[in-house]
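Q: Residue numbers (numbering that gives the first Met the number 0), protein chains in the order written: chain D, 0 to 164; chain P, 0 to 169.
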Amino acid sequence: MEILTYPDQRLKQISEPVETIDKELLGFIHELEQMRQSGPGAVGIASPQVNMFKRVVIVDVSNMRKPVDNHGHMIMVNPEITEWDGMAMGREGCLSVPDFTGNVIRAEKIKLNYLDENGTQHEIESTGFEARAIQHEMDHLDGLLFLDRLVSRRSDLFKRKVYKK
Amino acid sequence: MKWSVLTLVGADQPGIVASVTDALFKQGCSLAQASMMRLGANFSIMLRVSHADETSLREVLGDICSDMSLHLHIDEDATNGNELEEPDVQVTVYGADRSGIVAQVTSVLAEAGLNIIDLETDVGGNANKPIYIMTMEGVASNGIEPLQEALQSLDDDIEVNLDEINTLRG
Numbered sequence: 000m001e002i003l004t005y006p007d008q009r010l011k012q013i014s015e016p017v018e019t020i021d022k023e024l025l026g027f028i029h030e031l032e033q034m035r036q037s038g039p040g041a042v043g044i045a046s047p048q049v050n051m052f053k054r055v056v057i058v059d060v061s062n063m064r065k066p067v068d069n070h071g072h073m074i075m076v077n078p079e080i081t082e083w084d085g086m087a088m089g090r091e092g093c094l095s096v097p098d099f100t101g102n103v104i105r106a107e108k109i110k111l112n113y114l115d116e117n118g119t120q121h122e123i124e125s126t127g128f129e130a131r132a133i134q135h136e137m138d139h140l141d142g143l144l145f146l147d148r149l150v151s152r153r154s155d156l157f158k159r160k161v162y163k164k
Numbered sequence: 000m001k002w003s004v005l006t007l008v009g010a011d012q013p014g015i016v017a018s019v020t021d022a023l024f025k026q027g028c029s030l031a032q033a034s035m036m037r038l039g040a041n042f043s044i045m046l047r048v049s050h051a052d053e054t055s056l057r058e059v060l061g062d063i064c065s066d067m068s069l070h071l072h073i074d075e076d077a078t079n080g081n082e083l084e085e086p087d088v089q090v091t092v093y094g095a096d097r098s099g100i101v102a103q104v105t106s107v108l109a110e111a112g113l114n115i116i117d118l119e120t121d122v123g124g125n126a127n128k129p130i131y132i133m134t135m136e137g138v139a140s141n142g143i144e145p146l147q148e149a150l151q152s153l154d155d156d157i158e159v160n161l162d163e164i165n166t167l168r169g
């Protein structure tokens, strides 16, 4: 198993929903987690990053140097975001885009449902950094990289507008 | 392979970027980070370039510089292409324009350990009431707390925000 890196066009592929959580899939999830842990400080990983086009992501922001709100270690099968709220700018990098980071706008708060590795359905609300990580990883399932959502570093906080009376 | 940093400045006119980068491309140079902008009536280019050891960038750009009246300055880049530290803090400053804002803010931050990696300033508002806006990113070499403390000492007429850049790696 290896991490696909852009410009590998396979990263642009849309992943298929998982139909059954079987032994094979669990074995894959185990390997996917090991790949995440081998990445430098990676808080998440999505299956397309290792050339498997099934809707599975792993997110874990529970070990941040500066703690953030989190739901612990999450294995998400067929995740689906049902509500988005607010907007926030943040800096992102990606195992599949080495040596580059950029600003991306994400929803601040999301509601989503997913199956865990036992097939149990979860519905959670996630905010802030964890919500960002989930959105980043789920983008991979639709063939999107953070590069597709970059906004200028220079337009960080001051969005100059011209108001005319 | 060698890395250099080029600085080119001259009266703004159409075609500067195209001419400079085309000449570099044709001589097998490869461009990395660049910062290019109009500054008043001038256009400025700062550009990190990799090239063959024997390539003379002064020769490559000589004709263009004389045709377009550009000043060229070349520095060697000792990183040899290695990646440097990422910024971990961003600071934004704004207030009624007056002289000394940049000097005051950056002095206290430098003393508290900020190494600036990227800084941009602009003047906005209208001619009667100009406002000064500065955004910067840097590495907090002594951590973020000394920077926060240092900013307390600044005059009240400027707004300063300091935020940690918490880079997500996924």
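We treat Cβ as the ideally placed atom computed from N, Cα and C, and that holds for glycine.
#1: Report the rounded CA-to-CA distance for D:Glu32 versus D:Val56, giving the unit in angstroms.
#2: For D:Gly89, which of D:Ala106, D:Glu82, D:Gly38 has the nearest alpha-carbon?
#3: For P:Glu82, which residues in chain A fall below 8 Å Cβ to Cβ?
#4: Given that a residue counts as buried once 16 or more other Cβ atoms are within 10 Å of its Cβ, and exposed if not, what is D:Met0?
#5: According to the Cβ coordinates, are P:Gly94 and P:Tyr131 closer than 8 Å?
#6: State yes or no: is the C-beta of P:Leu167 within less than 8 Å of the C-beta of D:Gly92?
#7: Applying a beta-carbon distance threshold of less than 7 Å, which residues of chain P neighbour D:Ala130?
#8: I'd like to know whether the C-beta of P:Leu113 is nearer than 8 Å to at least one C-beta of chain D.
#9: What residues of chain P sit near D:Ile44, judged by a beta carbon separation below 8 Å?
#10: What residues in the region 35-47 of chain P have a beta carbon less than 7 Å from any beta carbon of chain D?
#11: Give a yes or no on whether 8 Å exceeds the smallest Cβ distance from P:Ile100 to chain D.
#12: Considering only C-alpha positions, which residue in the set P:Asp117, P:Leu108, P:Asn125 is nearest to P:Ser140?
#13: Applying the 10 Å Cβ sphere with the 16-neighbour rule, what's the burial state of P:Thr78?
#14: Going by the CB atoms, is the gap between D:Leu111 and D:Glu79 shorter than 8 Å?
#15: Can you round the beta-carbon distance between D:Val42 and D:Val60 to whole angstroms, since I take them to be within the 8 Å contact cut?
#16: Within 8 Å (strictly less), CB to CB, does D:Ala41 reach chain P?
#17: Let me know if P:Lys128 comes out buried or exposed under the rule of 16 or more other beta-carbons within 10 Å of its beta-carbon.
A: From the atom records:
#1: Start at 1 with the first residue of the first sequence, and residue 32 of chain D comes out as number 33. Start at 1 with the first residue of the first sequence, and residue 56 of chain D comes out as number 57. Cα to Cα, D:Glu32 sits roughly 9 Å from D:Val56.
#2: Position 90 of the first sequence, counted from the start, is the residue given in the question as residue 89 of chain D. Among D:Ala106, D:Glu82, D:Gly38, the Cα nearest to that of D:Gly89 belongs to D:Ala106.
#3: Absence of chain A from the displayed structure is noted, the protein chains being D and P.
#4: In the first sequence, counting from the first residue as 1, residue 0 of chain D sits at position 1. The residue is exposed, with fewer than 16 neighbouring Cβ atoms inside 10 Å.
#5: Here residue 94 of chain P refers to the residue found at position 95 of the second sequence. Here residue 131 of chain P refers to the residue found at position 132 of the second sequence. In this structure, P:Gly94 sits near P:Tyr131, with a CB-CB distance shorter than 8 Å.
#6: Here residue 167 of chain P refers to the residue found at position 168 when the second sequence is read from its first residue. Here residue 92 of chain D refers to the residue found at position 93 when the first sequence is read from its first residue. Closer than 8 Å, so yes.
#7: Sequence index remark: in the first sequence, residue 130 of chain D carries index 131 (1-based). Under the 7 Å cutoff, chain P gives no residues; its nearest Cβ is about 11 Å from D:Ala130.
#8: By one-based count along the second sequence, residue 113 of chain P stands at place 114. Cβ-Cβ to chain D under 8 Å: no for P:Leu113.
#9: Stepping through the first sequence from its first residue, residue 44 of chain D is reached at position 45. For D:Ile44, the chain P residues whose C-beta falls within less than 8 Å of its own C-beta are Gly169, listed in chain order.
#10: Residues of the region 35-47 of chain P with a Cβ closer than 7 Å to any Cβ of chain D: none.
#11: Walking along the second sequence from the start, residue 100 of chain P turns up at place 101. No - not a single Cβ of chain D is within 8 Å of the one on P:Ile100.
#12: Residue numbering aside, residue 140 of chain P sits at position 141 when the second sequence is read from its first letter. When each option's Cα is compared against that of P:Ser140, the closest is P:Leu108.
#13: In the second sequence, counting from the first residue as 1, residue 78 of chain P sits at position 79. Flag for P:Thr78 reads exposed.
#14: Position 80 of the first sequence, counted from the start, is the residue given in the question as residue 79 of chain D. Position 112 of the first sequence, counted from the start, is the residue given in the question as residue 111 of chain D. Judged by beta-carbon spacing, D:Leu111 lies within the 8 Å limit of D:Glu79, meaning their Cβ atoms are closer than that value.
#15: Translated into the one-based positions of the first sequence, residue 42 of chain D becomes position 43. Translated into the one-based positions of the first sequence, residue 60 of chain D becomes position 61. The pair is a contact, with the Cβ atoms about 5 Å apart (cut-off 8 Å).
#16: Within the first sequence, numbered from 1, the residue matching residue 41 of chain D stands at position 42. For D:Ala41, the answer is yes, since a Cβ of chain P falls inside 8 Å of its Cβ.
#17: Translated into the one-based positions of the second sequence, residue 128 of chain P becomes position 129. The residue is exposed, with fewer than 16 neighbouring Cβ atoms inside 10 Å.
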